[in-house]
Amino acid sequence: MAIDHDLELMLRVRRGDAASFEELLRRHRVPLVNYFARMLRDQALAEDLAQEVFLRVYRARERYQPEAKFTTWLYRIATNVALNATRDRKESSPRTGLNSEGQGSEIEVSTLADARPTAEQVLMQADRQRTICQAVEALPENQRAAVILHKYQDVDYRQIAKILGVSESAVKSLLFRAHESLRVRLEPLLKEGQL
Amino acid sequence: MKCAEREQLFAYVHGMLEAREEGEIRAHVEQCAECRSAAEEFRNLDAVLDEWQPTEPSPWFDARVRAAVAASEPPPAAVFLGFEWGRWLAPALLVVLVVAGSLVVYRSRQPQVVPQPTARQEALKPAAPVPATPVSPVLQGEADELSLYQNLPVLEDYEMLANFDVLSELPKGEKKVAN
């Protein structure tokens, strides 16, 4: 069995090693911010929530028990935070996020800048990315969390079952139904890709 | 083998099957064009989803996390020699107040004992002044000083300790009688 380096770091954090917490922050800051950014499509909120997760991890250090992989524990906290934020946002503004194109475009253009594409390619890519964002965002909460964890966070379905508190077969089913919905919603992009 | 269910194919493409089942599906997909096409659809969808690029956190993200973590720590003054004084300060003060209050109540309920002058104090007590006898200012000053010393309890105690021998307390006349 592979040694869970994150778990070792967390055990050191539990013993009061501040440097290990810094290492955990360095290793998980980008994935965690992206998890929230994809779940909520709001970069500023994503950073606030990622910060909240790191703070919860730090506060819980003395109670931490290495029962599962560190990332399972981390994403269980993160998923709870994300789903609560989604519900809060729905209550305060039912349509926020889905049409927040300004924010989405900002993220997309900034990330595409490294590949140095033409302006037309940038616009086209941004448009495709926005379509993908909207298709994922339209999924039910559990399906969305499962797809993002599986596809973008490299979390396997067994871990997802523990994170969402459902059975492994339920996760397979969630992922399958989510992909079937996405296949329908993203059909134009799939056809473009085949041209 | 008959054609696999789409859900089974999805699980196959994403490596979610047990080894035996995966082997069976792989063998079938290699022979069945329809299932191969369905599996390819799932792979194409994955490729499209890959276009959603990750973002970088803002440059001040780490600093914000560190600040939040530091703010969640107890103030440094509260921890000294590995002991969290702040946590115990309030209960300790409460205990001190309760004990002090109990002592005050206990003392207030005790009967007041007025110290009685000892025989020696009585003997040393200066005689009542005789107003008729005139006293020179120098003698009056010495008498006042003597009276002051005699009435100082500290000096009395010192004198008693210095002359601890009981016999020295007796008047000379009585000594002679004893002999």
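So the sequences go chain by chain: W and F.
Each residue of the first sequence is one higher than the last, beginning at 10 in the numbering used here.
Each residue of the second sequence is one higher than the last, beginning at 48 in the numbering used here.
Every residue, glycine too, gets a C-beta built ideally from N, C-alpha and C.
Taking only beta-carbon positions, decide if residue i is within less than 8 Å of chain F.
i: W:Gln130; result: no
i: W:Leu16; result: no
i: W:Phe185; result: yes
i: W:Arg38; result: yes
i: W:Leu34; result: yes
i: W:Ile141; result: yes
i: W:Lys99; result: no
i: W:Arg192; result: yes
i: W:Phe79; result: no
i: W:Glu71; result: no
Find out if the Cβ-Cβ distance for the pair residue i, residue j is shorter than 8 Å.
i: W:Tyr166; j: W:Asn43; result: no
i: W:Arg68; j: W:Ala144; result: no
i: F:Glu98; j: W:Gln138; result: yes
i: W:Ala155; j: W:Leu198; result: no
i: W:Leu34; j: F:Val143; result: no
i: W:Leu180; j: W:Leu173; result: According to the sequence shown, residue 180 of chain W is Val rather than Leu. The answer is yes: Cβ separation under 8 Å.
i: W:Thr148; j: W:Ala91; result: Checking the sequence, you will find Leu at residue 148 of chain W rather than Thr. No; because the gap between Cβ atoms is not below 8 Å, this pair is not in contact.
i: F:Ala239; j: F:Val76; result: The shown model of chain F, from 48 to 226, leaves out residue 239 of chain F, and the question about it has no answer.
i: F:Ala115; j: W:Gln60; result: yes
At least one CB of chain W closer than 8 Å to the CB of residue i: is that the case?
i: F:Ala80; result: no
i: F:Val151; result: no
i: F:Arg111; result: yes
i: F:Ala88; result: This sequence places Glu at residue 88 of chain F; Ala is not what is there. F:Glu88 counts as touching chain W.
i: F:Pro104; result: yes
i: F:Val142; result: no
i: F:Val95; result: yes
i: F:Val76; result: no
i: F:Trp4; result: Absent from the model: residue 4 of chain F. The displayed extent of chain F is 48 to 226, so no value can be given.
i: F:Phe71; result: One detail in the question is off: residue 71 of chain F reads as Glu in this sequence, not Phe. No, no contact with chain W.
i: F:Val239; result: Nothing can be reported for residue 239 of chain F, as the shown portion of chain F is limited to 48 through 226.
i: F:Glu54; result: yes
i: F:Ser155; result: no
i: F:Ser119; result: yes
For residue i, tell me which candidate among the options has the shortest Cα-Cα distance.
i: F:Val95; options: W:Leu173, W:Leu92, W:Asp136; result: W:Asp136
i: W:Thr5; options: W:Glu189, W:Phe45, W:Leu199, W:Leu18; result: No answer is possible for residue 5 of chain W: it lies beyond the span of chain W, which begins at 10 and ends at 204.
i: W:Val22; options: W:Ala91, W:Leu158, W:Tyr73; result: W:Tyr73
i: W:Gly25; options: W:Asp51, W:Val66, W:Glu61, W:Val62; result: W:Val66
i: W:Lys171; options: W:Leu20, W:Trp82, W:Leu191, W:Leu33; result: W:Trp82
i: W:Ala53; options: F:Ala85, F:Ser105, F:Glu87; result: F:Ser105
i: F:Ser84; options: F:Pro101, F:Glu189, F:Arg53; result: F:Arg53
i: W:Asp51; options: W:Glu146, W:Val175, W:Lys200; result: W:Glu146
i: W:Ala77; options: W:Glu17, W:Glu61, W:Ala128, W:Glu71; result: W:Glu17
i: W:Tyr84; options: W:Leu148, W:Gln130, W:Asp97, W:Phe63; result: W:Phe63
i: W:Glu71; options: W:Leu58, W:Met19, W:Lys99; result: W:Met19
i: W:Glu234; options: F:Glu69, F:Asp109, F:Ile72, F:Glu77; result: Because chain W spans 10 through 204 in this model, residue 234 of chain W falls outside it and cannot be assessed.
i: F:Glu103; options: W:Ile86, W:Arg38, W:Pro75; result: W:Arg38
i: W:Leu158; options: W:Cys142, W:Arg98, W:Pro40; result: W:Pro40
Considering only residues of the same chain and omitting the five flanking positions on each side of residue i, which have a CB-CB separation below 8 Å?
i: W:Thr95; result: Met48, Leu49, Glu150
i: F:Glu81; result: Cys50
i: F:Phe89; result: Leu56, Phe57, Val60, His61
What residue does the alpha helix (DSSP H) around residue i start on, and which one ends it?
i: F:Ser119; result: 108-119
i: W:Thr5; result: With chain W represented from 10 up to 204, any question about residue 5 of chain W goes unanswered, as that position is not in the structure.
i: F:Asp93; result: 80-96
i: W:Glu177; result: 177-194
i: W:Val66; result: 52-68
i: W:Val39; result: 27-49
i: W:Gln168; result: 166-173
i: F:His61; result: Element bounds for F:His61: n/a, residue is neither H nor E.
i: W:Glu17; result: 14-23
Which same chain residues end up closer than 6 Å to residue i when comparing Cβ atoms and leaving out the 5 residues on each side of it in sequence?
i: F:Ala58; result: Leu64
i: W:Asp15; result: Phe79
i: W:Leu191; result: Ala144
i: W:Gln168; result: Thr81
Within its chain, find whatever has a CB closer than 7 Å to the CB of residue i; leave out the 5 residues flanking it on each side and keep chain order.
i: W:Glu177; result: Tyr166, Arg167, Ala170
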